[in-house]
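**Q** Have a look at the structure that comes next, please.
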Amino acid sequence: MIPMNTWYVACTPDEIEGKPLGRQICGHRMVLFRGPEGQVAALDDWCPHRGAPLSLGKVCEGKLVCGYHGLQMGCEGKTVAMPGQRVRGFPPVRTYPVVERHGFIWVWPGDAARADAALIPDLFWANNPAWAYGGGLYRIGCGHQLMVDNLMDLTHETYVHADSIGQPEIDEVAPVTRVEGEHVITERHMQNISAPPFWRMALRHNGLADDVPVDRWQVCHFTPPSHVMIEVGVAHAGHGGYHAPAEHKVSSIVVDFITPENDTSIWYFWGMTRNFRPEDAALTAAIREGQGRIFAEDQQMLEQQQANHLRHPTRALLGLNTDAGGVQARRIVERIVAAERALAAAPTPVAGAGAAA
Amino acid sequence: MIPMNTWYVACTPDEIEGKPLGRQICGHRMVLFRGPEGQVAALDDWCPHRGAPLSLGKVCEGKLVCGYHGLQMGCEGKTVAMPGQRVRGFPPVRTYPVVERHGFIWVWPGDAARADAALIPDLFWANNPAWAYGGGLYRIGCGHQLMVDNLMDLTHETYVHADSIGQPEIDEVAPVTRVEGEHVITERHMQNISAPPFWRMALRHNGLADDVPVDRWQVCHFTPPSHVMIEVGVAHAGHGGYHAPAEHKVSSIVVDFITPENDTSIWYFWGMTRNFRPEDAALTAAIREGQGRIFAEDQQMLEQQQANHLRHPTRALLGLNTDAGGVQARRIVERIVAAERALAAAPTPVAGAGAAA
Amino acid sequence: MIPMNTWYVACTPDEIEGKPLGRQICGHRMVLFRGPEGQVAALDDWCPHRGAPLSLGKVCEGKLVCGYHGLQMGCEGKTVAMPGQRVRGFPPVRTYPVVERHGFIWVWPGDAARADAALIPDLFWANNPAWAYGGGLYRIGCGHQLMVDNLMDLTHETYVHADSIGQPEIDEVAPVTRVEGEHVITERHMQNISAPPFWRMALRHNGLADDVPVDRWQVCHFTPPSHVMIEVGVAHAGHGGYHAPAEHKVSSIVVDFITPENDTSIWYFWGMTRNFRPEDAALTAAIREGQGRIFAEDQQMLEQQQANHLRHPTRALLGLNTDAGGVQARRIVERIVAAERALAAAPTPVAGAGAAA
Numbered sequence: 001m002i003p004m005n006t007w008y009v010a011c012t013p014d015e016i017e018g019k020p021l022g023r024q025i026c027g028h029r030m031v032l033f034r035g036p037e038g039q040v041a042a043l044d045d046w047c048p049h050r051g052a053p054l055s056l057g058k059v060c061e062g063k064l065v066c067g068y069h070g071l072q073m074g075c076e077g078k079t080v081a082m083p084g085q086r087v088r089g090f091p092p093v094r095t096y097p098v099v100e101r102h103g104f105i106w107v108w109p110g111d112a113a114r115a116d117a118a119l120i121p122d123l124f125w126a127n128n129p130a131w132a133y134g135g136g137l138y139r140i141g142c143g144h145q146l147m148v149d150n151l152m153d154l155t156h157e158t159y160v161h162a163d164s165i166g167q168p169e170i171d172e173v174a175p176v177t178r179v180e181g182e183h184v185i186t187e188r189h190m191q192n193i194s195a196p197p198f199w200r201m202a203l204r205h206n207g208l209a210d211d212v213p214v215d216r217w218q219v220c221h222f223t224p225p226s227h228v229m230i231e232v233g234v235a236h237a238g239h240g241g242y243h244a245p246a247e248h249k250v251s252s253i254v255v256d257f258i259t260p261e262n263d264t265s266i267w268y269f270w271g272m273t274r275n276f277r278p279e280d281a282a283l284t285a286a287i288r289e290g291q292g293r294i295f296a297e298d299q300q301m302l303e304q305q306q307a308n309h310l311r312h313p314t315r316a317l318l319g320l321n322t323d324a325g326g327v328q329a330r331r332i333v334e335r336i337v338a339a340e341r342a343l344a345a346a347p348t349p350v351a352g353a354g355a356a357a
Numbered sequence: 001m002i003p004m005n006t007w008y009v010a011c012t013p014d015e016i017e018g019k020p021l022g023r024q025i026c027g028h029r030m031v032l033f034r035g036p037e038g039q040v041a042a043l044d045d046w047c048p049h050r051g052a053p054l055s056l057g058k059v060c061e062g063k064l065v066c067g068y069h070g071l072q073m074g075c076e077g078k079t080v081a082m083p084g085q086r087v088r089g090f091p092p093v094r095t096y097p098v099v100e101r102h103g104f105i106w107v108w109p110g111d112a113a114r115a116d117a118a119l120i121p122d123l124f125w126a127n128n129p130a131w132a133y134g135g136g137l138y139r140i141g142c143g144h145q146l147m148v149d150n151l152m153d154l155t156h157e158t159y160v161h162a163d164s165i166g167q168p169e170i171d172e173v174a175p176v177t178r179v180e181g182e183h184v185i186t187e188r189h190m191q192n193i194s195a196p197p198f199w200r201m202a203l204r205h206n207g208l209a210d211d212v213p214v215d216r217w218q219v220c221h222f223t224p225p226s227h228v229m230i231e232v233g234v235a236h237a238g239h240g241g242y243h244a245p246a247e248h249k250v251s252s253i254v255v256d257f258i259t260p261e262n263d264t265s266i267w268y269f270w271g272m273t274r275n276f277r278p279e280d281a282a283l284t285a286a287i288r289e290g291q292g293r294i295f296a297e298d299q300q301m302l303e304q305q306q307a308n309h310l311r312h313p314t315r316a317l318l319g320l321n322t323d324a325g326g327v328q329a330r331r332i333v334e335r336i337v338a339a340e341r342a343l344a345a346a347p348t349p350v351a352g353a354g355a356a357a
Numbered sequence: 001m002i003p004m005n006t007w008y009v010a011c012t013p014d015e016i017e018g019k020p021l022g023r024q025i026c027g028h029r030m031v032l033f034r035g036p037e038g039q040v041a042a043l044d045d046w047c048p049h050r051g052a053p054l055s056l057g058k059v060c061e062g063k064l065v066c067g068y069h070g071l072q073m074g075c076e077g078k079t080v081a082m083p084g085q086r087v088r089g090f091p092p093v094r095t096y097p098v099v100e101r102h103g104f105i106w107v108w109p110g111d112a113a114r115a116d117a118a119l120i121p122d123l124f125w126a127n128n129p130a131w132a133y134g135g136g137l138y139r140i141g142c143g144h145q146l147m148v149d150n151l152m153d154l155t156h157e158t159y160v161h162a163d164s165i166g167q168p169e170i171d172e173v174a175p176v177t178r179v180e181g182e183h184v185i186t187e188r189h190m191q192n193i194s195a196p197p198f199w200r201m202a203l204r205h206n207g208l209a210d211d212v213p214v215d216r217w218q219v220c221h222f223t224p225p226s227h228v229m230i231e232v233g234v235a236h237a238g239h240g241g242y243h244a245p246a247e248h249k250v251s252s253i254v255v256d257f258i259t260p261e262n263d264t265s266i267w268y269f270w271g272m273t274r275n276f277r278p279e280d281a282a283l284t285a286a287i288r289e290g291q292g293r294i295f296a297e298d299q300q301m302l303e304q305q306q307a308n309h310l311r312h313p314t315r316a317l318l319g320l321n322t323d324a325g326g327v328q329a330r331r332i333v334e335r336i337v338a339a340e341r342a343l344a345a346a347p348t349p350v351a352g353a354g355a356a357a
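Protein chains in written order, with full-length UniProt numbering: chain A, 1 to 357; chain B, 1 to 357; chain C, 1 to 357.
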C-alpha cells in the first residue's frame, strides 16, 4: 500500500557529500550521487558490468566509478567510460527522477514519465532566513502508515514521551479532525496548563517565563504520500493561544517526511523548524538533540506494533476519534494506490525524459 | 507435538514484580501481570485499540495501561477505561487461565473451558519450611522433547558435565525405566564410588566427609506435559544408599519445568530443592550458582542437536535402554496430543468461566 | 552449479589438531578428525544415537567420542563402542573420501566410488624446501564463481586494493586469456612501471632496490573445480620481466583454494608461496599479514555483489575481455556439472572402497 508516483525524501545533502549513497526506497535499491554540475542523480544500484552495487564506488568529477572494476557511470544511467573498454554498447541502468529542493533530495520511485517537480511540497520556511531548521534520520522497522498514525494521534505523547513533551492534559482534550481534499488536519488546543519540559526549555530560550500557565496547541497536517507537518507551540495563558501575539508565545513546526524502505520499514526524516532566534545555532543543536531523543522513544513501540500486526494480519483495529487523522490519511493513500493500479492497467502515456528538471 | 490443555510454568513471581511481562508460550504471545488484588492475569499481548503489545505498558493499580495511548486493560481481558473514550464496546482480548501456586505462575494455553487448577502438580516441598528451593530460567533453542530426553538420560552428565556432576561410573550402571500410567521413572543406583565435585560440596555443606566412598542415586520422574523431577543424592557407602538414614546422606530434588515457547524453543525453569539446612540462604545461593553453571553446559549441545534434526527431519534415532525414559515420555505426549486433536474434532463442551480460580 | 565429484580443500592440519572440526562443504555438514594412526577421517556430522553433532565431541585415541552420551565413532563411520551398549547393530554414518596432501586436507563430497587421490592437484612447491608458504582462511558470503571471477580479473586490484597492490597501469594493459583443456590462463604483463607498496616491500625483503622502474606480471591459472594459482612478480625493468634472471626479480605464487560451503558462501583458503628466502619465517609472517589484509578488502564487495545477484537473479552480466578468464572457468564448471548430472542419471558403477588411500 505504497504510492509510487510521488516524491519522497531520499536523503539529505550531507549524505551525498563527496560520496555515493546506497539506499532502498519503496523496494528499489538506488544509488544517489552528485553529477558534474553538482546535480543529484538516482540510479539503480547495479553496475551493468558484473552486478556489483555502484554505491560501493567513488564519485570522481561527477561520475560514479564502480568500486570493483572502475566502470564510470554517468547521471543518465549510461556508462561513460571504463579503462580499456568501449562502452557504447553497455546496457543502461534505470534512473529515477530526482530533485534537490528545500534542503532535501527528493526522488520519484514510480513511473518517470509522470514525474513533475511542481508536485514537490512547498516548504515556505525552508529558504526563509527568519526560520531555522534542524533534523535527523532514523530507520524504523514499521510500515509508513503506522508512523503516520503515530504522528496524527499525539495522545501517545502522554505515554511514550511522558518525561519530555507528554502530559495528561493532552488526553483530556479531544482532537478535531477535518479533511480538505487530500489534506488531513487534526488539531488540539489545551488551555491554562503547565508547560512540559521540552516547552519550558523553549520558553526559556525565547526569553519567556517557563513557570506560568500556558495554552498549548498541536495542529497536525497530513499530505500524501506520508508527509506530516505539525504546528506546535505554547503561549502564556490568556493571550489567545495559537493566535497569541509573537511576544507571548513560542512555536515551531515539527517536520516529518516518511519514506518507505519497503512494506515494513521506513526512513524517518524528522526535524523541527522555528521562527524565533533562527540565528542561534546552539539553540538549533539543543532542540535537535532533544527532539532526537524524544523521537527515538517511539521506535520500540512502532517496531513491536508492526511485529504484532505481522503475526495477526487480519485482526481489526479500533478507529476512535483520536485515530481519525490516521484513518483519514490511510483512506487517501488507499485511493491513491487504487488510482495508480488502475493507471498501470491502462495504456501507457508517451514516455517523457525520465528525469525531472 | 505440544499438549495445549495442560498447565505450564509461565514465569516466576519476580518476573511480574510491578510490571507486565510479555512471553510467548506454546506459540501464543501473552502478557502477564498482577491485578488489583494481586491475582495474576494472562492475556493476549495485543491492545485492542491499535494492536500494540500491552507488555510494553505499565501496571497501575492493578490495571494494565497500554504504553502507546493509555488504554486500561483489566484482568478479564476487557478494556476498563481510556482517557476521553467510552470503552464499553471495545472488543475483549483473549484471557488464559492462570494460577499462582507453589512459587510459580502456571498458565493453561489451550481450551480455557477445560482448565482445572486441581491438575497443577502437587509440589509437596514447595510450601514446606523444611525444604529450600533455588532456581533460574534459561531460554534454549530446542524443542521440549529434546530437553526431556536430556533429563531422562543422565549418562550425558559424564560427557557434558564432566567437570561437575559427571563421572564415568554413571555410564557403568544401566538405568531401569518403568512406566506407571502417565508417570515415567528412570532410576540408576551407583555403589561405592567417589563423589563428583558438586556432591563433595554438598557433603561438606551438610557436615559429612567428602573424601570417602559413597553410594549415589538418580531417580528421574517425568510427568506430562514436560515436567521432570529428579531425586538425586549420595550416602556414605554401605548405609543403604537411597534408603540410608538422613545422617549419612545428602539429597535433593532437581526441579525442571519445561515450557515450550514454540516447536523449537523452550523456557527452561530449572532449580533444586533440598531438605537439609533449608535456612542457609548462602548455601541456597551457592547451589543455585553451581547448578546454573552446570545446566548452561547443555545449551550448545541441545541447540546444535535441534539444528541437526531440522536439517534431517526424517532421520531415525536410536532408542537404547538409556533412552527409555525419554522414549516413554514421548509416547505419553503423543497420546495426549492425539487425544487433544480428537477432542478438538468432537463437539465442543459448554464453555466454562474461561479462567481458573 | 557446484561440481561434487572432485577434491576440495576441507581444512588445514592445524584446524584438526587434537580436536574434531565441524564444517559444511558443498552443502554437507561434515566432521573431520584424525584417527588412530593420524590419518584424517571425514564423516557426516551426525551421531547415530540421538542426532547430536559429533563435532561437539572429543578425539580420544583416534576415536571420535560424542560429546553428548559418549558414543565412540571410528574413522570408517562405524560406532566402535559406547559405555554399557552393544554397538554392532548401530547404523553407520556416511564417510567422505579424504586425503592429507601438500599441507592441506582434501575432501571429495560426491560419489565416493569415483574418488581418486591421483586427481588431487600436484602442488610442486608444497614439499620443496626452496619454497615457503603462508596462508589463511576466510569465510565469504558469495558463491564460488564470484570469487573465481574476482581472481581471474585482476583489474579489480586498481579499485579494491588501491592502497596495496592496485595501480592504474593494471587497467591499461589488456589481459590475454587462453584455454588449454580444463585449464584457463589469463595473463597480463606491465612494463616499466613503478612498483606498488606490496611489491616494494617484497623487493626490499629480497635485497633489491624498490624505487626503480619494474616490469610486473600476473599469470592467473584456473583449474576446476575452483582452484586459482596466480604467478605474480616484478623484475627491475629491462631484464626480461617474467623471464628475467632470478637476481633481478621477486616473484611468488598466489594460492587460492575456494571451497563452497553452499551455493552462496565459500571457505576461501588463500595464501602465497615464494622461492626466495624460504627460511625467513618473519618474512613469511609479514607477507601473510599483508596478504590477509588485502584479501579482506574483497569481502564486502563480493558479499554485496552476491546480494545484488540474489535480488535480480535473471539479470544479464557483461562479459568483457577482462572477464574472459572467469567466463571460461564458468563454462568449464558448467560442463563438469552437466556431465555429473548425466552420470547420476546413468547406471551406477560397482562401488569402490568408499575412501581414497
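Even glycine gets a Cβ: it sits at the ideal position worked out from N, Cα and C.
Values in this document were obtained by computation on a predicted structure and should not be read as measured data.
Report the partner residues of P260(B) according to the DSSP bridge assignment.
**A** Along the second sequence, one-based indexing puts residue 260(B) at 260. Paired residues: I266(B).
**Q** What residues from chain B crowd round Y159(A), counting only those whose CB sits closer than 9 Å?
**A** As a working mapping, residue 159(A) is identified with position 159 in the first sequence. G57, K58, V65, C66, G67, Y68, H69 and G70, listed in chain order.
**Q** Can the beta-carbon of V107(A) be found less than 8 Å from the beta-carbon of V228(A)?
**A** Taking the first sequence and counting its residues from 1, the one referred to as residue 107(A) is at position 107. Taking the first sequence and counting its residues from 1, the one referred to as residue 228(A) is at position 228. Taking 8 Å as the Cβ cut-off, V107(A) and V228(A) do not qualify as a contacting pair.
**Q** Applying a beta-carbon distance threshold of less than 9 Å, which residues of chain B neighbour D149(A)?
**A** Translated into positions along the first sequence, residue 149(A) becomes position 149. Ordered by position in chain B, the residues that pass the 9 Å Cβ test against D149(A) are R50.
**Q** Please decide whether W267(B) counts as near chain A, where near means a Cβ-Cβ distance under 8 Å.
**A** Walking along the second sequence from the start, residue 267(B) turns up at place 267. It does not: the Cβ of W267(B) has no partner Cβ on chain A nearer than 8 Å.
**Q** Are the C-beta of G354(C) and some C-beta of chain A separated by less than 8 Å?
**A** One-based indexing of the third sequence puts residue 354(C) at position 354. With a pLDDT of 42 at G354(C), under the threshold of 50, the modelled position of this residue cannot be trusted; read the value that follows with caution. It does not: the Cβ of G354(C) has no partner Cβ on chain A nearer than 8 Å.
**Q** Are the CB atoms of Y68(A) and R50(A) nearer to each other than 8 Å?
**A** Within the first sequence, residue 68(A) is the residue found at index 68, counting from 1. Within the first sequence, residue 50(A) is the residue found at index 50, counting from 1. Yes; because the gap between Cβ atoms is below 8 Å, this pair is in contact.
**Q** Is there a Cβ of chain C sitting closer than 8 Å to that of G292(A), yes or no?
**A** The sequence position of residue 292(A) within the first sequence is 292, counting from 1. Chain C, which has no Cβ nearer than 8 Å to the Cβ of G292(A), makes this no.
**Q** Just to make sure I have the definition right: I need the residues of chain C whose C-beta is within less than 8 Å of the C-beta of W46(A). Which are they?
**A** Looking up residue 46(A) in the first sequence gives position 46. Result: N308, H312 and R315.
**Q** What is the DSSP secondary structure of G67(B), counted as helix, strand or coil?
**A** Along the second sequence, one-based indexing puts residue 67(B) at 67. Coil at G67(B), not helix or strand.
**Q** Alpha carbons only, please: which of V98(B), H205(B) and A316(B) is nearest the one belonging to D280(B)?
**A** As a first step, residue 280(B) must be located in the second sequence, where it is residue number 280. It is H205(B).
**Q** Looking at Y8(A) and T259(A), is the spacing between their C-beta atoms short of 8 Å?
**A** Mapped onto the first sequence, residue 259(A) falls at position 259. Mapped onto the first sequence, residue 8(A) falls at position 8. Result yes, Cβ atoms of T259(A) and Y8(A) sit closer than 8 Å.
**Q** Is the Cβ of F90(A) closer than 8 Å to any Cβ of chain C?
**A** The count along the first sequence starts at 1 and reaches residue 90(A) at position 90. Yes, F90(A) counts as interfacial toward chain C.
**Q** Have a look at the DSSP bridge pairing and note the partners of L32(A).
**A** For the purposes of this step, residue 32(A) is identified with residue 32 of the first sequence, where counting begins at 1. Answer by DSSP bridge pairing, in chain order: L21(A) and A42(A).
**Q** Our contact map puts L137(B) next to Y268(B) with C-beta atoms below 8 Å; I'd like the distance itself, whole angstroms only.
**A** Indexing the second sequence from 1 puts residue 137(B) at position 137. Indexing the second sequence from 1 puts residue 268(B) at position 268. 7 Å between Cβ atoms; contact.
**Q** Starting from N192(B), trace the beta strand (DSSP E) in both directions and tell me its first and last residue.
**A** Along the second sequence, read from residue 1 onward, the residue named residue 192(B) stands at position 192. H183 to I193 is the extent of the beta strand (DSSP E) around N192(B).
**Q** Does P83(A) come within less than 8 Å of chain C when only Cβ atoms are used?
**A** As a first step, residue 83(A) is located in the first sequence; it is residue number 83 there, counting from the start. It does; some Cβ of chain C falls within 8 Å.
**Q** To which residues of the same chain is H144(A) closer than 6 Å at the C-beta, ignoring the five residues directly before and after it?
**A** For this step, residue 144(A) is matched to residue 144 along the first sequence. Counting only Cβ-Cβ distances below 6 Å, and skipping sequence neighbours, we find S226, I258, P260 and I266.
**Q** Going by DSSP in three states, H227(A) sits in which element: helix, strand or coil?
**A** Counted from its first residue, the first sequence places residue 227(A) at position 227. H227(A) falls in the strand class under three-state DSSP.
**Q** Pick helix, strand or coil for F222(A), following the three-state DSSP scheme.
**A** As a working note, residue 222(A) is residue 222 in the first sequence. The answer is strand: DSSP assigns F222(A) an E or B state.
**Q** According to DSSP, is A344(A) helix, strand or coil?
**A** Taking the first sequence and counting its residues from 1, one reaches residue 344(A) at position 344. Helix at A344(A).
**Q** Could you give the uninterrupted runs of the alpha helix (DSSP H) lying entirely in the region 116-193 of chain A, keeping only those of 4 residues or more?
**A** Here the runs fully enclosed are 144-152, 157-160 and 168-172.
**Q** Of all the CB atoms in chain A, is at least one closer than 8 Å to the CB of R29(B)?
**A** Looking up residue 29(B) in the second sequence gives position 29. Yes, R29(B) counts as interfacial toward chain A.
**Q** Rounded C-beta distance between M73(C) and L32(C)? I'm assuming under 8 Å.
**A** For the purposes of this step, residue 73(C) is taken as residue 73 along the third sequence, with counting starting at 1. For the purposes of this step, residue 32(C) is taken as residue 32 along the third sequence, with counting starting at 1. Going by Cβ atoms, the distance from M73(C) to L32(C) rounds to 12 Å, so no, they are not a contact pair.
**Q** Within the 8 Å Cβ cut-off, does H156(A) reach chain B?
**A** Sequence index remark: in the first sequence, residue 156(A) carries index 156 (1-based). Cβ-Cβ to chain B under 8 Å: yes for H156(A).
**Q** Between V327(A) and the rest of its own chain, which residues show a CB-CB distance below 7 Å, the 5 nearest in sequence each way excluded?
**A** Here the question's residue 327(A) lines up with position 327 in the first sequence. Contacts found: G319.
**Q** Since I believe T158(B) is in contact with D171(B) (beta carbons under 8 Å), could you give me their beta-carbon distance rounded to a whole number of angstroms?
**A** Locating residue 171(B) in the second sequence gives position 171, where the first residue counts as 1. Locating residue 158(B) in the second sequence gives position 158, where the first residue counts as 1. Confirmed, Cβ separation roughly 5 Å.
**Q** When DSSP labels each residue in this structure, what does G27(C) get in the three-state scheme?
**A** Taking the first residue of the third sequence as 1, we reach residue 27(C) at position 27. Note: G27(C) maps to coil in three-state DSSP.
**Q** Rounded to the nearest angstrom, how far is the Cβ of V214(C) from that of I230(C), given a contact under 8 Å?
**A** Here residue 214(C) refers to the residue found at position 214 of the third sequence. Here residue 230(C) refers to the residue found at position 230 of the third sequence. About 17 Å separates the two Cβ atoms, so there is no contact after all.
**Q** In three-state DSSP terms, what is R216(A)?
**A** Counted from its first residue, the first sequence places residue 216(A) at position 216. Residue state, collapsed to three classes: strand.
**Q** Could you tell me which residues DSSP pairs with T79(A) in its beta bridges?
**A** Indexing the first sequence from 1 puts residue 79(A) at position 79. T79(A) pairs with M73(A).
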